[in-house]
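Residue 16 in our numbering sits at position 14 of the sequence shown, and the numbers go up by one each step.
Virtual Cβ for every residue (Gly too), placed ideally from N, Cα, C.
Let me begin by presenting the structure, written as structure tokens, before commenting on it.
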Amino acid sequence: PPERIEKPKPVPLPKLAPKKIKAKPYTVEVRKILSPEFAIRTQELQKVTKKDLEGKKVIILFLKNLYTPISESLLSALQKIAEKEKNLTVIAVDTNDADFPLLQGFKNSMGLKNVILTADSYVYREFKERLKVLKVPSLVVIDEYGFIRFFANGIKSEEIKSVSRELKRIIMSLG
């Protein structure tokens, strides 16, 4: 008769704990996405188009309300970045379509000299169509060729310091 072989005893496999990876406060676009054609009116009622911004790095910040702590923190962080960078344009877009005297008063009270303020929900919708996932407050970084290179989506107040740190690094990497 054939020799009887004992079945191996089941050995429990060790359970591996999933690595906790802290999500970065920005999203890197592997494919370059061309930014939509846009035209905005500044609080001084000057028209600025995408064509006017060619050759410059652009940061567009989309906000729901101007007078909130997160909006004020983000704008002051962007003001500091804009002061140090020569070839950078910072645009803050209020998606609630606020009136321009309100924008002017906010800009003066915050001391925003290097930030263009506007109120235009249409520009937000255009960018949202391109990116598909854009929740306010959000940042979009456009390189000098007009391509969306990075965006931060649905920024929370505890992420502001890391977002500004990463923005400085991103702007330097764009040249």
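Counting C-beta neighbours from all protein chains within 10 Å, is the total for residue i 16 or more, i.e. buried, or is it exposed?
| i | result |
| --- | --- |
| Q45 | buried |
| E87 | buried |
| K59 | buried |
| L169 | buried |
| D54 | exposed |
| V103 | Note that residue 103 is Pro in the sequence shown here, rather than Val. With fewer than 16 other Cβ atoms within 10 Å, it is exposed. |
| D145 | buried |
| D101 | exposed |
| L63 | buried |
| S37 | buried |
| A41 | exposed |
Within the same chain, show all residues whose beta-carbon is closer than 7 Å to that of residue i, passing over the 5 residues directly before and after it, in chain order.
| i | result |
| --- | --- |
| K109 | Q45, L119 |
Leaving out the 5 sequence neighbours to the left and right, which residues in its chain are closer than 8 Å to residue i when beta-carbon positions are compared?
| i | result |
| --- | --- |
| K98 | Contrary to the premise, residue 98 reads as Asn rather than Lys in this sequence. Excluding sequence neighbours, N98 sits near K66, N67, A121, S123. |
| N89 | G57, K58, K59, E146 |
| K130 | L136 |
| M112 | E74, L77, S78, Q81 |
Between residue i and residue j, what straight-line distance do the alpha-carbon atoms span, to the nearest angstrom?
| i | j | result |
| --- | --- | --- |
| T91 | V142 | 12 Å |
| R6 | P12 | 18 Å |
| L136 | V165 | 16 Å |
| L114 | I72 | 15 Å |
| E128 | K34 | 16 Å |
| R132 | R151 | 12 Å |
| K76 | Y126 | What sits at residue 76 in the sequence shown is Leu, not Lys. If you take the alpha carbons of L76 and Y126, they lie about 17 Å apart. |
| M174 | R167 | 11 Å |
| P3 | K9 | 18 Å |
Which residue wins for smallest C-alpha separation from residue i, given the options the options?
| i | options | result |
| --- | --- | --- |
| L47 | L77, L105, I173, S73 | L105 |
| I157 | P139, I173, K163 | P139 |
| I172 | K49, I61, P3 | I61 |
| S159 | T70, P4, A41 | T70 |
| G148 | E39, E8, P3 | E39 |
| R43 | A94, N155, P4, K9 | A94 |
Identify, in the order they occur along the chain, each residue of the same chain with its Cβ nearer than 6 Å to the Cβ of residue i, setting aside the five sequence neighbours on each side.
| i | result |
| --- | --- |
| L176 | K59, D145 |
| A84 | L90, V92, N116 |
| T51 | A41 |
Using a Cβ cut-off of 9 Å (strictly closer), state whether residue i contacts chain D.
| i | result |
| --- | --- |
| A94 | No chain D is present in this structure, which holds just one protein chain. |
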